[in-house]
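Colleague:
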Amino acid sequence: MPRPHITWQPLFLTEPESFARLLEEPSLDRRLRSWRGYEDMLLGEALRAGLHDDRAARTSLEELYAFGLANGLPLWSRREAVRALRAYAGRYPLPGSTWGPFLRLDPDWQVALTAASAWLESEDTQAASALLKALEEERLANRGGVFGALLRHGVIAPLRRLREGLEARELEDVAACCSRGMSSEVNAFLTDWLETLAAAENGALRDILGRCLELRAGEADPRRVAEHFLPRSAEVIPIHRRRGRPAGSRHAPATPSMPGKGPQQ
Numbered sequence: 001m002p003r004p005h006i007t008w009q010p011l012f013l014t015e016p017e018s019f020a021r022l023l024e025e026p027s028l029d030r031r032l033r034s035w036r037g038y039e040d041m042l043l044g045e046a047l048r049a050g051l052h053d054d055r056a057a058r059t060s061l062e063e064l065y066a067f068g069l070a071n072g073l074p075l076w077s078r079r080e081a082v083r084a085l086r087a088y089a090g091r092y093p094l095p096g097s098t099w100g101p102f103l104r105l106d107p108d109w110q111v112a113l114t115a116a117s118a119w120l121e122s123e124d125t126q127a128a129s130a131l132l133k134a135l136e137e138e139r140l141a142n143r144g145g146v147f148g149a150l151l152r153h154g155v156i157a158p159l160r161r162l163r164e165g166l167e168a169r170e171l172e173d174v175a176a177c178c179s180r181g182m183s184s185e186v187n188a189f190l191t192d193w194l195e196t197l198a199a200a201e202n203g204a205l206r207d208i209l210g211r212c213l214e215l216r217a218g219e220a221d222p223r224r225v226a227e228h229f230l231p232r233s234a235e236v237i238p239i240h241r242r243r244g245r246p247a248g249s250r251h252a253p254a255t256p257s258m259p260g261k262g263p264q265q
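Numbered by full-length UniProt numbering, the letters in the sequence shown go through residues 1 to 265 in order.
1. Measure the alpha-carbon distance for Val155 versus Asp53 and round it to whole angstroms.
2. Is it a yes or a no for the stretch 102–111 touching the stretch 77–92, going by three-plus beta-carbon pairs under 8 angstroms?
3. Closest to residue 272 by C-alpha separation, out of Ala188, Ala127, Ala87, would be which residue?
4. Should Ala188 be flagged as near chain D, meaning a C-beta pair shorter than 7 angstroms?
5. What three-state label does DSSP hand Arg36 in the structure shown?
6. Compute the Euclidean distance between the alpha carbons of Leu28 and Pro158, then round it to the nearest angstrom.
7. Would the stretch 62–72 and the stretch 8–18 be scored as touching if the rule is three or more Cβ pairs under 8 angstroms?
8. Going by other Cβ atoms of all chains shown within 10 Å of its Cβ, with 16 needed for buried, is Tyr88 buried or exposed?
9. Between which two residues does the alpha helix (DSSP H) harbouring Phe129 extend?
10. Please identify the residue among Leu61, Gly37, Ser34 whose C-alpha is closest to the C-alpha of Leu47.
11. What distance in whole Å lies between the Cβ atoms of Arg211 and Ala175, which are believed to be in contact at a cut-off of 8 angstroms?
12. Within 10 angstroms of the Cβ of residue 309, are there 16 or more other Cβ atoms? Answer buried if so, exposed if not.
13. Compute the distance between the beta-carbons of residue 270 and Arg143, then report whether it is under 7 angstroms.
14. For Tyr38, which residues from the same chain have a beta carbon less than 7 angstroms from its beta carbon, with the 5 sequence-adjacent residues on both sides left out?
15. Using the rule of at least 16 other Cβ atoms within 10 Å of the residue's Cβ for burial, across every protein chain shown, is Asp192 buried or exposed?
16. Alpha helix (DSSP H) containing Val111: first to last residue?
17. Ile208 and Ala172 - do their beta-carbons sit closer together than 7 angstroms?
18. Is the beta carbon of Val145 less than 7 angstroms from the beta carbon of Pro95?
19. Counting C-beta neighbours from all protein chains within 10 Å, is the total for Ser117 16 or more, i.e. buried, or is it exposed?
20. Here's the rule I'm using: 16 or more other beta-carbon atoms within 10 Å means buried, otherwise exposed. How should Thr125 be labelled?
21. To the nearest angstrom, report how far apart Ala199 and Arg206 are at their CA atoms.
22. For Glu170, does the count of other Cβ atoms within 10 angstroms reach 16, so buried, or fall short, so exposed?
23. Taking 7 angstroms as the cut-off, decide whether the C-beta atoms of Glu123 and Pro101 are in contact.
24. Please tell me whether Ala56 and Glu45 are closer than 7 angstroms, where the distance is taken between their beta carbons.
25. Can you name, in chain order, every residue of its own chain whose Cβ lies under 6 angstroms from the Cβ of Trp99, other than the five neighbours on each side?
26. Taking the alpha-carbon of Leu43 as reference, which of Leu75, Glu25, Arg86, Lys133 has the nearest alpha-carbon?
27. Can you tell which of Arg36, Ser184, Leu105, Asn71 has the C-alpha that lies nearest to the C-alpha of Trp8?
28. Where does Pro10 sit, in a helix, a strand or coil, going by DSSP?
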């Protein structure tokens with residue numbers, strides 16, 4: 001029988017005193033032998049590197065992360081670790097360097113979104129400019145997630161220029177970050193972006209962003225979204241004028257008759 005999934009709880013919640021002692025442990029070897037699993041190891045070494053400005057811990061964290069990614073470290077483990085780190089940062093201030101390994105190494109958009117959002121929510125006034133610079137210099141494993149985090153946090157004007165350099169895969173990640181409940185400024189940015197892509201006749205990217213807006217139909221007019229998928233010369237036909245159904249009819253068309261038989265009911 002398959003083993004039941006056990007929800008992971010970070011050590012700083014379940015055993016706060018043990019966790020605090022491990023963070024103070026100067027020996028890297030002892031710390032690595034003491035963490036309960038990969039999630040606590042990623043979380044703990046990230047905090048050790050950030051809170052103590054421990055260069056050895058930062059190097060070991062990046063090596064452990066790279067090794068885990070190369071050997072199938074589960075996606076949910078990485079997401080849980082960075083979410084727990086964000087929760088910790090909500091209680092205690094962390095330096096911006098804490099988020100560096102997650103942003104540089106992890107290709108998952110949710111990890112990038114969580115790490116970048118946590119940094120933007122901190123008291124670090126340089127967070128937005130540092131993320132914009134990393135985005136422009138392509139020093140990120142997932143640019144779409146970071147772009148989405150900046151957009152969600154209202155850093156809009158600088159993104160108008162940077163959005164032109166996004167590839168299709170990165171635009172898909174941005175679209176995934178744009179859930180319901182965005183501000184009117186973000187909605188205006190997305191609508192303007194869609195119209196810019198349509199004017200440039202960039203069909204592939206236009207369709208990706210269009211799907212994003214379509215999924216958020218409660219905040220966007222789906223008819224306007226659908227029109228962007230059509231050629232400019234196309235006639236916009238009302239939905240009730242589908243082939244085989246007369247205008248104004250709500251009844252399904254009759255099934256075509258088989259050769260040698262009358263119409264089927």
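Yeah, the Cβ is synthetic: ideal placement off N, Cα and C, and Gly gets one too.
Modeller: To lay it out plainly:
1. Their Cα atoms are separated by approximately 29 angstroms.
2. yes
3. Past the boundaries of the shown model lies residue 272; the chain is included only from 1 to 265, so the question cannot be answered.
4. You won't find chain D in this structure, because it holds only one protein chain.
5. For Arg36, the secondary structure class from DSSP, reduced to helix, strand or coil, is coil.
6. 41 angstroms
7. no
8. buried
9. Looking at the sequence itself, residue 129 is Ser, so the reference to Phe does not match. From DSSP, the alpha helix (DSSP H) with Ser129 extends over 127–136.
10. Leu61
11. 7 angstroms
12. No statement about residue 309 is possible, as the shown extent of the chain runs from 1 to 265 and does not include it.
13. The first residue shown for the chain is 1 and the last is 265, placing residue 270 beyond what the model contains.
14. Gly68, Leu73, Ser77
15. exposed
16. 109–120
17. With the sequence shown as reference, residue 172 is identified as Glu, and Ala is not the correct amino acid for it. Yes, the Cβ-Cβ distance between Glu172 and Ile208 is below 7 angstroms.
18. Going by the sequence as given, residue 145 is Gly instead of Val. No, the Cβ-Cβ distance between Gly145 and Pro95 is not below 7 angstroms.
19. buried
20. exposed
21. Straight-line spacing of the CA atoms in Ala199 and Arg206 works out to 10 angstroms.
22. Counting the other CB atoms within 10 Å of its CB gives Glu170 a total of 16 or more, which places it among the buried residues.
23. Cβ atoms of Glu123 and Pro101: not closer than 7 angstroms.
24. Cβ distance not < 7 angstroms, so Ala56 and Glu45 don't count as in contact.
25. Within the same chain, Cβ atoms closer than 6 angstroms to the Cβ of Trp99 are found at Ala115, Trp119, the five residues on either side in sequence being excluded.
26. Cα-wise, what sits closest to Leu43 is Arg86.
27. Nearest to Trp8 by C-alpha distance, out of Arg36, Ser184, Leu105, Asn71, is Arg36.
28. Judged by DSSP in its simplified three-state form, Pro10 adopts coil rather than helix or strand.
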